[in-house]
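The next block holds one structure in the form of structure tokens; read it before the comments.
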Amino acid sequence: MRLVRIWRDEQGASALEFAILAPVFFLFIFGIIELGLMFWTQAGLQHAAEMAARCASINTKLCPNDKPDAITNYATQQAFGLTLPASTFTYSTPACGNQVNASYAFQFQGLDLGPLTLSAQACFPG
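All the letters of the sequence shown, read from the start, carry residue numbers 4 to 129 under the numbering used here.
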């Protein structure tokens, strides 16, 4: 009699459901956060490349074409609050004008995945 009563008891069902579904839910939430950070970094890289290429074409006092270091340093300042080294950006002058390329190895914080290389490119006529 007592065994049948324990078998039909449903008082711990909510706790059991939470224990099963909570890890999946938290993984989903933290995955969304990590993807948001990755897209924010990509947007920052693209913005910095565009602004540095534009500066090299328009404002030659701030971004002189004969000093690529000044242009890459300007790009690091335009990267939406990211703290990137100047080596992330490269400057060149191909046929399209002044071109700035960016390449950054994005590392996911909570996951043991290899870094994902984000890249951006902008060319502004000179």
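Where is the CB? At the ideal position from N, CA and C, for every residue including glycine.
- [ ] Taking Ser137 as part of the alpha helix (DSSP H), name the residues at either end of that continuous run.
- [x] Shown here, the chain extends from 4 to 129; a query on residue 137 therefore has no answer.
Task: Residue nearest to Cys58 in terms of C-alpha spacing, selected from Ser17, Ala18, Thr44, Asn76 - done: In the sequence shown, the residue the question calls residue 58 occupies position 55. Check the Cα spacing between Cys58 and each of Ser17, Ala18, Thr44, Asn76: the tightest is with Asn76.
Task: Ala125 and Ala56 closer than 7 Å at C-beta - done: Translated into positions along the sequence shown, residue 125 becomes position 122. Translated into positions along the sequence shown, residue 56 becomes position 53. In this structure, Ala125 sits near Ala56, with a CB-CB distance shorter than 7 Å.
TODO: Leaving aside the five residues before and after Ile36 along the sequence, list all residues of the same chain whose C-beta is less than 7 Å from its C-beta, in chain order.
DONE: Locating residue 36 in the sequence shown gives position 33, where the first residue counts as 1. Cβ neighbours of Ile36 beyond the five flanking positions: none.
TODO: Over the uninterrupted beta strand (DSSP E) stretch that includes Ala105, give me the two end residues.
DONE: Along the sequence shown, read from residue 1 onward, the residue named residue 105 stands at position 102. Where Ala105 is concerned, the enclosing beta strand (DSSP E) starts and stops at 101-109.
Task: 7 Å Cβ cutoff met for Ala108 and Pro118 - done: Reading the sequence shown from its first residue, position 105 is the one you call residue 108. Reading the sequence shown from its first residue, position 115 is the one you call residue 118. Cβ atoms of Ala108 and Pro118: closer than 7 Å.
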